[in-house]
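Undergrad: Numbering (our numbering), first residue to last: 1 to 226.
C-beta: ideal position from N, C-alpha, C; glycine also.
Model, not experiment: these values are computed from the prediction.
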Amino acid sequence: MLRIDHDATHRGFEILFYVMIVNFLITSLDVHGHWNIVLSQATTTLIFLSAMYLVSHSKRWLLILGFTTLPAVVNNWLLELLDLNWLVTINNLLFVLSHITVTVFLVGALAHSTRVNKPTIYAAMCVYLMIAQTFTYLYLSVEAAFPGSFSFMVDDNGFVVEESYRIIKQTLEYFSYVTLTTLGFGDIAPVRSLARALVALEAVMGQLYLTIVLARLVAVYLKESE
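#1: Pull up the CB-CB distance for Ala123 and Phe13, whole angstroms please, since I reckon it's below 8 Å.
#2: Going by DSSP, name the residue or residues bridged to Phe17.
#3: Could you tell me the alpha carbon to alpha carbon distance between Asn76 and Thr179, rounded to whole angstroms?
#4: Would you kindly work out how many angstroms separate the C-alpha atoms of Tyr53 and Glu80, rounded to a whole number?
#5: Report the rounded CA-to-CA distance for Thr44 versus Thr89, giving the unit in angstroms.
#6: For Ala132 versus Ser176, is the C-beta distance shorter than 8 Å?
#7: Which ranges would you report for the alpha helix (DSSP H) in the segment 190–225 if only whole runs of at least 4 residues count?
#8: What is the residue span of the alpha helix (DSSP H) that Leu87 lies within?
#9: By DSSP, does Phe135 sit in helix, in strand, or in coil?
#10: Judging by CA-CA distance, which residue of Leu84, Pro190, Asn36 and Leu16 is the nearest neighbour of Ala102?
#11: According to DSSP, is Phe175 part of a helix, a strand, or is it coil?
#12: Taking just the CA atoms, how far does Leu106 sit from Leu126?
#13: Ordered along the chain, which non-local residues of its own chain (more than five positions away) have a Cβ less than 7 Å from that of Phe152?
#14: Would you tell me roughly how many angstroms separate the C-alpha atoms of Ser193 and Arg115, rounded to the nearest one?
#15: Compare the Cα-Cα distances from Ala111 to each of Arg60, Val191 and Arg216 and report the closest residue.
#16: Do you know offhand how far Ser268's Cα is from Phe95's?
#17: Does Phe150 come out as helix, strand or coil in the three-state DSSP assignment?
#18: Ile167 by DSSP, collapsed to three states: which one?
#19: Count the other CB atoms within 10 Å of the CB of Asn85; is the residue buried (16 or more) or exposed (fewer)?
#20: State the DSSP-derived secondary structure class of Thr68, mapped to helix, strand or coil.
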């Protein structure tokens, strides 16, 4: 099992956290151009490379993570280069799988942590960000399968709006973070039942995660202080 106190993970969680923050900021900027796309793609790739570095001491987990994340990275670059519609569906599903895999590793690391230290805190924050990213691609999958599942994709006359994949992803990523933190600005809303179910699930998971992780860290800290 992935352990936070392993030498290979000492700075790995910190690196992963900051790479995810940079990636989020880059993809959130309303900037169109070649360099924005390259930076977004590069930081997305770095997220998974950082995750693989975390499990580099375990051949088993490295193989599993490589099997789930490398196809997602390759397909993501192909999507930008070839711009084929069928790659969008594959991209969404691969990213859901890869993000879930990374999240499982991170949760396992937290569950087996015996100390509350800097890597532990960064690991907890990484899980929180990974949950938001996972739901981003779940929302993208739902929107691709059932167009008009979210209000921003439907105009005043009830017709589905045609938007680029990058714009839809940018909007749903913002919506995912707003939902996870239960801010609920109301500018975007789920329309179809499946979308509503996922949104409710993310909101509940966000609150449960904070409660459970806080309790876990306090318990470990108190045990360590004895």
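TA: Straight from the coordinates:
#1: 5 Å
#2: Its beta-bridge partners do not exist; DSSP assigns none.
#3: 25 Å
#4: 26 Å
#5: 18 Å
#6: yes
#7: 193–225
#8: Asn85 to Ala111
#9: helix
#10: Correcting the residue type first, residue 102 is Val in the shown sequence and not Ala. Cα-wise, what sits closest to Val102 is Leu16.
#11: helix
#12: Here residue 126 turns out to be Cys, not Leu, going by the sequence shown. Distance between the alpha carbons of Cys126 and Leu106: 8 Å.
#13: Thr171 and Ile188
#14: 42 Å
#15: Arg216
#16: A query on residue 268 cannot be resolved here, the shown segment of the chain reaching from 1 to 226 and no further.
#17: strand
#18: helix
#19: exposed
#20: helix
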